[in-house]
Amino acid sequence: AQTVTQSQPEMSVQEAETVTLSCTYDTSESDYYLFWYKQPPSRQMILVIRQEAYKQQNATENRFSVNFQKAAKSFSLKISDSQLGDAAMYFCAYRTRGGGGSQGNLIFGKGTKLSVKP
Amino acid sequence: GAVVSQHPSWVICKSGTSVKIECRSLDFQATTMFWYRQFPKQSLMLMATSNEGSKATYEQGVEKDKFLINHASLTLSTLTVTSAHPEDSSFYICSARDYRLAGAKNIQYFGAGTRLSVL
Numbered sequence: 003a004q005t006v007t008q009s010q011p012e013m014s015v016q017e018a019e020t021v022t023l024s025c026t027y028d029t030s031e032s033d034y035y036l037f038w039y040k041q042p043p044s045r046q047m048i049l050v051i052r053q054e055a056y057k058q059q060n061a062t063e064n065r066f067s068v069n070f071q072k073a074a075k076s077f078s079l080k081i082s083d084s085q086l087g088d089a090a091m092y093f094c095a096y097r098t099r100g101g102g103g104s105q106g107n108l109i110f111g112k113g114t115k116l117s118v119k120p
Numbered sequence: 591g592a593v594v595s596q597h598p599s600w601v602i603c604k605s606g607t608s609v610k611i612e613c614r615s616l617d618f619q620a621t622t623m624f625w626y627r628q629f630p631k632q633s634l635m636l637m638a639t640s641n642e643g644s645k646a647t648y649e650q651g652v653e654k655d656k657f658l659i660n661h662a663s664l665t666l667s668t669l670t671v672t673s674a675h676p677e678d679s680s681f682y683i684c685s686a687r688d689y690r691l692a693g694a695k696n697i698q699y700f701g702a703g704t705r706l707s708v709l
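Below is the structure:
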């Protein structure tokens, strides 16, 4: 079974600085998706960024980028120019690519709480 | 991104009563819907997965007779907590996706969640 591990329960960053959140996963599959979701105090889950495992290029979305190391099964999230609104729980998630129907539910890590200091 | 509407956002009920939570996909067809439960300061725990028109598949340890899931259309799924008790108090989140979409469009979108408090 696949597992997702986030080893940092809490992180803190100064406003305008850069922070990296760690995520590792375990799978025997070769093709899959990886995601970072953000859950602010409102508790609405928001997709931050996604990566398809067959793509070697790291995904980027404005200030958010990932460092995807497939061989090491690592998928870290870098937030540049941190803003107060970035403060939230961040969940790393894995999903198998193959199959249809109900296959491919997200497998979440335990989350990292990010605080942004003004 | 696509919008998933979840209602109500907060419900308080007496022990022994049933509560229904609705989840709607507003601008896409949700072939698959997922129901999660989240305890304070914890991750999301998948309760069940449902495909439109089919019976839901429940995760191990989740009582199917207590948590009734209906996914009768491509835009609506409901979770009914039957005979709720205080231990059912939690945050419930629905999520939806269209598995027919390929690649980058095959995204799971989330509702805003429902806080259930059972007195």
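Protein chains in written order, with our numbering: chain R, 3 to 120; chain L, 591 to 709.
Glycine is no exception: its CB is placed at the ideal position from the N, C-alpha and C atoms.
With contacts defined by Cβ atoms closer than 8 Å, residue 592 of chain L and residue 618 of chain L form a contacting pair.
Under DSSP, residue 663 of chain L shares a beta bridge with L/666. Assignment of beta-bridge partners to residue 81 of chain R by DSSP yields R/21, R/66.
For residue 627 of chain L, the uninterrupted beta strand (DSSP E) segment begins and ends at 622–628.
If you compare the alpha carbons of R/94, R/21, R/30 with that of residue 48 of chain R, the shortest gap goes to R/94. Per DSSP, the beta bridge partners of residue 638 of chain L are L/625, L/648. Taking the C-beta atoms as reference points, residue 622 of chain L is found nearer than 8 Å to residue 639 of chain L. The CB of residue 108 of chain R comes closer than 7 Å to the CB of 698 in chain L, given here in chain order. The Cβ of residue 65 of chain R sits no closer than 8 Å to any Cβ of chain L. In the structure shown, residue 33 of chain R falls within a coil segment according to DSSP collapsed to helix, strand and coil. In the three-state DSSP reduction, residue 86 of chain R falls in the helix class (H, G or I). Taking CB atoms only, residue 595 of chain L has no neighbour in chain R less than 8 Å away. Taking a beta-carbon distance threshold of 8 Å, residue 639 of chain L counts as an interface residue toward chain R.
Under the 8 Å criterion on CB atoms, residue 87 of chain R is classed as non-interfacial with respect to chain L.
Counting other Cβ atoms within 10 Å of its Cβ, residue 611 of chain L reaches 16 or more and is therefore classed as buried.
Not flagged as an interface residue toward chain L: residue 70 of chain R, since no C-beta distance is shorter than 8 Å. For residue 633 of chain L, the residues of chain R that pass the 8 Å Cβ criterion are 93, 110, 111, 112, 113, in the order they occur in the chain.
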